[in-house]
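Enquirer: Numbering (UniProt numbering), first residue to last: 1 to 502.
Let me begin by handing over the structure; questions about it come next.
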Amino acid sequence: MSEESSNGAPNEGDFNSKTEITEPVDISKSGHTRSDDKNEVTNSSGNASPGEASHKRIRTTSQSTPAFVSASPPGFVSLEEIMKAANSVSKMALAHDIAVDDDFHLEKVELPSGSIQKKIKDIAHQAFWDLLKEEFEQDPPQYERALTLLEEIKEWLLSLLLPHQTRTQQEIKDKLDTDLIRQQIEAETLDLHSYSQYIVSLMAKLCAPGRDDKIRELTAMRDIVPLYKGIFETLELMRIDMANFTIRMSRPHIAACSVEYERSKFEDYLKITPDGLRNTREWLHRNHKETLQPSVTNIQIIPSVLVDAFMELLNWDENHSWPETLAVDEQRFKELRQKIKGVQILSSAILVSLNHDIGLQPTPEFRGSLKEHAAAVLGDARSPTELETILPNVAAQIVEDINKALKSQSSPELSVENKNLIVAEILALCDPANRVMAIIQSRLMDFLKQVISNEVARPTQIPSGLSLFKTEIAGIAGRFARLVSHNRAVFAQHYANLIQEA
């Protein structure tokens with residue numbers, strides 16, 4: 001064991017002291033990590049866009065109905081309505097999200113439990129269904145609200161169909177014909193159970209497999225008000241499913257057109273925004289100064305500055321203003337920084353733990369298990385303060401896993417000295433100046449810089465000592481390369497002009 005290894009952090013050469021075969025990773029084929037950001041476009045009952053009112057017909061209610069109770073349950077916002085209601089920048093952001101994020105999808109908004117908004121929404125919804133029940137219990141029963149229900153259901157069912165499903169469209173219009181239903185109400189022959197059976201059977205044919213359980217629940221229900229309430233709730237989910245299906249089918253077309261579309265919308269933004277590229281100019285000029293070297297020619301200066309500028313986004317100083325041209329990706333770059341930090345911490349912790357002569361033969365299975373367990377304990381802790389709290393638990397987990405592995409190999413457990421040494425080195429990782437962390441960070445940054453510097457996608461060697469994190473690094477690199485490539489395609493001319501004026 002080297003003297004430095006026995007005293008603390010290994011030197012950079014120690015990272016290669018054990019034989020490790022690293023394989024090239026094809027970034028162009030790597031998976032893209034999911035965007036958990038909560039800023040993704042969502043879709044929810046009762047949260048119409050500002051422009052939605054102009055697309056809805058106005059309904060009146062009886063004077064006995066409280067003013068806040070709608071004549072029908074709150075409507076839903078379709079993808080088309082979202083696009084129409086948004087301004088140019090919002091449209092650009094939505095197109096961008098769909099183009100760069102394979103996992104982009106609409107979700108139902110769940111209001112915070114106990115919030116005023118949720119209470120108001122729940123009261124309004126419950127008031128509607130309570131009034132519907134009261135109308136059914138009158139003698140004779142009143143069905144005006146039920147008629148509105150069936151009209152809404154007809155519209156929603158039609159919205160779930162594709163253009164070529166003309167036969168089903170006509171069937172729905174015939175079965176749920178408003179004039180026919182009104183005649184049945186006047187003749188007191190309206191059978192809401194019969195209509196519900198038809199509606200649920202049609203929903204069963206149209207819904208995604210994941211909604212089958214809900215359809216079975218509806219089929220078994222007999223109480224008419226809860227049944228129709230369940231139909232509305234399920235239709236809401238089905239409409240979101242349909243919107244996501246439309247997005248998936250449209251993604252290739254949107255991706256193909258998004259560069260020109262985003263460029264056009266950003267130009268609209270610049271027309272009404274004085275010095276709309278101020279932050280972008282500062283960002284590029286800052287990196288232009290750092291890139292100025294005798295070896296860099298005028299032809300090379302623009303791509304060199306851009307590579308350095310994009311790399312700065314992975315080590316962002318919060319005292320700087322974020323570039324306007326990257327506004328829609330700010331959260332994505334924050335997530336990338338978090339993921340990089342996670343790989344840096346975990347790889348450093350495992351490295352210092354296994355860099356000692358403790359009589360262990362670490363198999364690939366053991367390394368994978370150690371990484372998984374340590375990651376579970378680390379969670380989302382990234383800041384020095386968070387690490388001070390969580391790293392003792394990470395150290396305890398790693399020591400426990402090592403002792404189990406030693407026992408399985410019929411070797412003695414860690415000595416008190418080795419245990420204390422491993423724990424101390426793991427706890428030292430919260431120091432921003434830690435050597436191991438600095439070396440890992442440098443290797444990760446060099447790798448990512450190489451990825452975005454390549455003019456064409458090609459397999460790139462995973463940094464030495466980090467093959468255990470090949471999947472995570474490939475995902476980060478693929479995500480980073482895609483964001484950079486798309487952004488450069490949209491704003492290349494602006495970037496060239498700003499760099500040349502520096």
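Note that beta-carbon positions come from the ideal geometry of N, C-alpha and C, so glycine has one too.
Determine the direct distance from the alpha carbon of Ser-415 to that of Leu-314, and round the result to whole angstroms.
Expert: Here residue 314 corresponds to residue number 314 of the sequence shown, with the count starting at 1. Here residue 415 corresponds to residue number 415 of the sequence shown, with the count starting at 1. Distance between the alpha carbons of Leu-314 and Ser-415: 40 Å.
Enquirer: Would you mind listing the beta strand (DSSP E) stretches within the stretch 155 to 234 that are 3+ residues and don't spill past its ends, in chain order?
Expert: Fully contained in the stretch 155 to 234 is no beta strand (DSSP E) run of length 3 or more.
Enquirer: Would you please verify whether the beta carbon of Ala-256 is less than 8 Å from any beta carbon of chain C?
Expert: The structure shown has no chain C; it contains just one protein chain.
Enquirer: What did DSSP end up calling Thr-363 once you bin it into helix, strand or coil?
Expert: Stepping through the sequence shown from its first residue, residue 363 is reached at position 363. Looking at Thr-363 - three-state DSSP - the assignment turns out to be coil, as it is neither helix nor strand.
Enquirer: What separation, rounded to the nearest whole angstrom, lies between the Cα atoms of Pro-463 and Ala-492?
Expert: On the sequence shown, residue 463 is found 463 positions in, with the first residue counted as 1. On the sequence shown, residue 492 is found 492 positions in, with the first residue counted as 1. The straight-line gap from Cα to Cα measures roughly 30 Å.
Enquirer: Report yes or no: do the stretch 178 to 188 and the stretch 214 to 222 share at least 3 C-beta pairs separated by less than 8 Å?
Expert: no
Enquirer: Mapping DSSP to helix, strand and coil, what is Gln-461?
Expert: The residue you call residue 461 lines up with position 461 of the sequence shown. Of the three classes helix, strand and coil, the one that applies to Gln-461 here is strand, per DSSP.
Enquirer: What residue ranges within the stretch 406 to 452 form continuous alpha helix (DSSP H) runs of no fewer than 4 residues, ordered along the chain?
Expert: For the stretch 406 to 452, whole alpha helix (DSSP H) runs of length 4 or above, ordered along the chain, are 416 to 427.
Enquirer: Measuring only the C-alpha atoms, how far is Ala-256 from Val-490?
Expert: Here residue 256 refers to the residue found at position 256 when the sequence shown is read from its first residue. Here residue 490 refers to the residue found at position 490 when the sequence shown is read from its first residue. Cα-Cα distance, rounded: 12 Å.
Enquirer: Roughly how many angstroms lie between the CA atoms of Lys-118 and Arg-211, to the nearest whole one?
Expert: One-based indexing of the sequence shown puts residue 118 at position 118. One-based indexing of the sequence shown puts residue 211 at position 211. For the pair Lys-118 and Arg-211, the Cα-to-Cα distance works out to about 25 Å.
Enquirer: Okay, do the stretch 167 to 184 and the stretch 120 to 133 touch, 3+ Cβ pairs below 8 Å being the bar?
Expert: no
Enquirer: What residue from Asn-420, Ile-476 and Pro-303 has the CA that sits closest to Ile-358's CA?
Expert: Translated into positions along the sequence shown, residue 358 becomes position 358. The option with the nearest alpha carbon to Ile-358 is Asn-420.
Enquirer: If you measure between the beta carbons of Lys-91 and Lys-271, is that distance less than 8 Å?
Expert: For this step, residue 91 is matched to residue 91 along the sequence shown. For this step, residue 271 is matched to residue 271 along the sequence shown. No, the pair does not count as a contact, with Cβ atoms beyond the cut-off.
Enquirer: Taking only runs of the alpha helix (DSSP H) that begin and end inside the stretch 268 to 317, which ones reach a length of at least 4 residues, in chain order?
Expert: 278 to 291 and 298 to 312
Enquirer: For Thr-148 and Thr-178, I'd like the C-alpha separation in whole angstroms.
Expert: Counting from one through the sequence shown, the residue named residue 148 turns up at place 148. Counting from one through the sequence shown, the residue named residue 178 turns up at place 178. Between Thr-148 and Thr-178, the C-alpha separation is close to 9 Å.
Enquirer: Between Ser-321, Leu-391, Ser-442 and Asp-103, which has its C-alpha nearest Asn-244's C-alpha?
Expert: Locating residue 244 in the sequence shown gives position 244, counting from the first residue. Cα-wise, what sits closest to Asn-244 is Asp-103.
Enquirer: Short of 6 Å in beta carbon distance, which residues of its chain neighbour Thr-385, apart from the five on each side in sequence? Order them along the chain.
Expert: In the sequence shown, residue 385 corresponds to position 385, counting from 1. Annotation for Thr-385: no residue places its beta carbon closer than 6 Å to its own, counting only its chain and skipping 5 residues before and after.
Enquirer: Tell me whether the beta-carbon of Ile-360 lies closer than 8 Å to the beta-carbon of Gln-409.
Expert: Mapped onto the sequence shown, residue 360 falls at position 360. Mapped onto the sequence shown, residue 409 falls at position 409. Inspection of the sequence shows that residue 360 is occupied by Leu rather than by Ile. Against a cut-off of 8 Å, the Cβ pair of Gln-409 and Leu-360 comes out as a contact.
Enquirer: Sort Ala-496, Arg-458, Gly-379 and Ser-467 by Cα distance to Pro-364 and report the nearest one.
Expert: Counted from its first residue, the sequence shown places residue 364 at position 364. That would be Ser-467, whose Cα lies nearest to the Cα of Pro-364.
Enquirer: Which one of Val-343, Leu-227 and Thr-246 has the shortest CA to CA distance from Pro-163?
Expert: The count along the sequence shown starts at 1 and reaches residue 163 at position 163. Measuring from the Cα of Pro-163, the nearest candidate turns out to be Thr-246.
Enquirer: Using the beta-carbon count (16 or more within 10 Å), is Gly-475 buried or exposed?
Expert: For the purposes of this step, residue 475 is taken as the residue at position 475 of the sequence shown. By the 10 Å Cβ count, Gly-475 comes out buried.
Enquirer: Buried or exposed: where does Met-242 fall if 16 or more other Cβ atoms within 10 Å of its Cβ makes it buried?
Expert: Locating residue 242 in the sequence shown gives position 242, where the first residue counts as 1. Label assigned to Met-242: buried.
Enquirer: In this structure, how does DSSP classify His-125 when only helix, strand and coil are distinguished?
Expert: By 1-based counting over the sequence shown, the position of residue 125 is 125. DSSP places His-125 in helix when its eight states are reduced to three.
Enquirer: In this structure, does DSSP put Arg-382 in helix, strand or coil?
Expert: Position 382 of the sequence shown, counted from the first residue, corresponds to residue 382. Note: Arg-382 maps to coil in three-state DSSP.
Enquirer: Using a Cβ-Cβ cutoff of less than 6 Å, which residues in the same chain neighbour Ser-72 once the five nearest sequence positions on both sides are dropped?
Expert: Looking up residue 72 in the sequence shown gives position 72. In this predicted model, Ser-72 has a pLDDT of only 42, less than 50, meaning its place in the structure is not dependable; the value taken from the coordinates is given anyway. Same-chain partners within the cutoff: Thr-148 and Glu-152.
Enquirer: Using the beta-carbon count (16 or more within 10 Å), is Met-238 buried or exposed?
Expert: As a position in the sequence shown, residue 238 is number 238, starting the count at 1. Buried.
Enquirer: Tell me whether the beta-carbon of Ala-395 lies closer than 8 Å to the beta-carbon of Ile-426.
Expert: Counted from its first residue, the sequence shown places residue 395 at position 395. Counted from its first residue, the sequence shown places residue 426 at position 426. Their beta carbons are under 8 Å apart, which means Ala-395 touches Ile-426 by this criterion.
Enquirer: Relative to the C-alpha of Ala-496, which candidate in Arg-479, Pro-303, Ile-240 and Glu-324 has its C-alpha closest?
Expert: In the sequence shown, counting from the first residue as 1, residue 496 sits at position 496. Nearest option by C-alpha distance: Pro-303.
Enquirer: If you draw a straight line from the alpha carbon of Pro-459 to that of Phe-447, how long is it in whole angstroms?
Expert: The residue you call residue 459 lines up with position 459 of the sequence shown. The residue you call residue 447 lines up with position 447 of the sequence shown. Taking the straight line joining both Cα atoms gives about 11 Å.
Enquirer: Identify, in the order they occur along the chain, each residue of the same chain with its Cβ nearer than 7 Å to the Cβ of Lys-175, setting aside the five sequence neighbours on each side.
Expert: Taking the first residue of the sequence shown as position 1, residue 175 is located at position 175. Counting only Cβ-Cβ distances below 7 Å, and skipping sequence neighbours, we find Tyr-198.
Enquirer: In whole angstroms, what separates the C-alpha of Leu-106 from that of Met-311?
Expert: Position 106 of the sequence shown, counted from the first residue, corresponds to residue 106. Position 311 of the sequence shown, counted from the first residue, corresponds to residue 311. Whole-angstrom Cα-Cα distance: 31 Å.
Enquirer: Where does Tyr-143 fall in DSSP's three states?
Expert: On the sequence shown, residue 143 is found 143 positions in, with the first residue counted as 1. Coil at Tyr-143, not helix or strand.
Enquirer: Just to confirm, are Pro-226 and Asn-279 a CB contact at a threshold of 8 Å?
Expert: Residue mapping note: residue 226 aligns to position 226 of the sequence shown, counting from 1. Residue mapping note: residue 279 aligns to position 279 of the sequence shown, counting from 1. Cβ atoms of Pro-226 and Asn-279: not closer than 8 Å.
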